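Residue numbers for the sequence shown follow our numbering, beginning at 13 and rising by one.
The next block holds one structure in the form of structure tokens; read it before the comments.
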Amino acid sequence: MKKIISIVSLLFVIGAVFAQSNKFEGYDKLPWGTTLEDFKKQNPSAYDQTNEENRTRNEKLFYKDGNSVTRVYRFFDNKLCWGRTVYINPSEATVMAVVEKLKDEYGTLYNFNEGKDKDCDYYDLTWYVSSNLTVMLEAKDMYNSYGRISSSLLFITYQNDKTMVKIEDYEKQQRKKDLEL
13 MKKIISIVSL
23 LFVIGAVFAQ
33 SNKFEGYDKL
43 PWGTTLEDFK
53 KQNPSAYDQT
63 NEENRTRNEK
73 LFYKDGNSVT
83 RVYRFFDNKL
93 CWGRTVYINP
103 SEATVMAVVE
113 KLKDEYGTLY
123 NFNEGKDKDC
133 DYYDLTWYVS
143 SNLTVMLEAK
153 DMYNSYGRIS
163 SSLLFITYQN
173 DKTMVKIEDY
183 EKQQRKKDLE
193 L
């Protein structure tokens, strides 16, 4: 009996090893942890959009404009941890093509949400690819004061979940310093 349990346990361990994602863990061909200095060398057209809130979280944001998209790169401790591709006013065909491409690339969709805010309708799709990679798609139709769609936005976000937890911990520690008891 112990031998069977050992074999079954071994099979679970082997299965877990092979179940690990073989997908690239990073954004825009840059692996997580790419330094800000290396990023700047490879992307001289990227520009700094870091605001005060980012600075308090030890983050830096850089943008790079492309033909049909804007790319956003987020660094924590000067290391890449998050990336976002932004489409402004994409056609419905583009949105559907992006969704299909994400499904083809990352397989099973783990989460789907849709809803309404006061100024937009939205839906979110999430793929948990590995412990180091979550991919999210967010589509929004923004409404003007007349109730008409004024713009549409499509965001594809890639993030390193382990680093996102570190960012939350860092922010919590910073806020604790300012609390009065």
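Think of the CB as a built atom: it goes at the ideal place given N, C-alpha and C, for glycine as much as any other residue.
Owing to the predicted nature of the structure, the values given are computational and were not obtained by experimental measurement.
Is the CB-CB distance between residue i and residue j below 8 angstroms?
i, j, result
"residue 150", "residue 170", "no"
"residue 197", "residue 40", "Missing from the structure shown is residue 197; the chain here goes from 13 to 193 and no further."
"residue 111", "residue 73", "no"
From the DSSP secondary-structure annotation, give me the bridge partner or partners of residue i.
i, result
"residue 60", "74"
"residue 86", "73, 94"
"residue 139", "147"
"residue 52", "Paired residue(s): none; residue 52 is not in a bridge."
"residue 100", "165"
Under the rule that 16 or more other beta-carbon atoms within 10 Å means buried, what is residue i, buried or exposed?
i, result
"residue 163", "exposed"
"residue 82", "exposed"
"residue 161", "exposed"
Alpha carbon to alpha carbon, how far is residue i from residue j?
i, j, result
"residue 114", "residue 121", "9 angstroms"
"residue 36", "residue 193", "46 angstroms"
"residue 59", "residue 90", "15 angstroms"
"residue 116", "residue 179", "30 angstroms"
"residue 85", "residue 75", "6 angstroms"
"residue 47", "residue 177", "19 angstroms"
"residue 65", "residue 106", "33 angstroms"
"residue 69", "residue 56", "24 angstroms"
"residue 159", "residue 165", "17 angstroms"
Whose C-alpha, out of the options, is nearest the C-alpha of residue i?
i, options, result
"residue 77", "98, 125, 123", "98"
"residue 182", "41, 67, 39", "67"
"residue 141", "82, 173, 161, 84", "173"
"residue 131", "139, 154, 175", "154"
"residue 148", "80, 124, 102, 34", "124"
"residue 43", "129, 61, 63, 145", "145"
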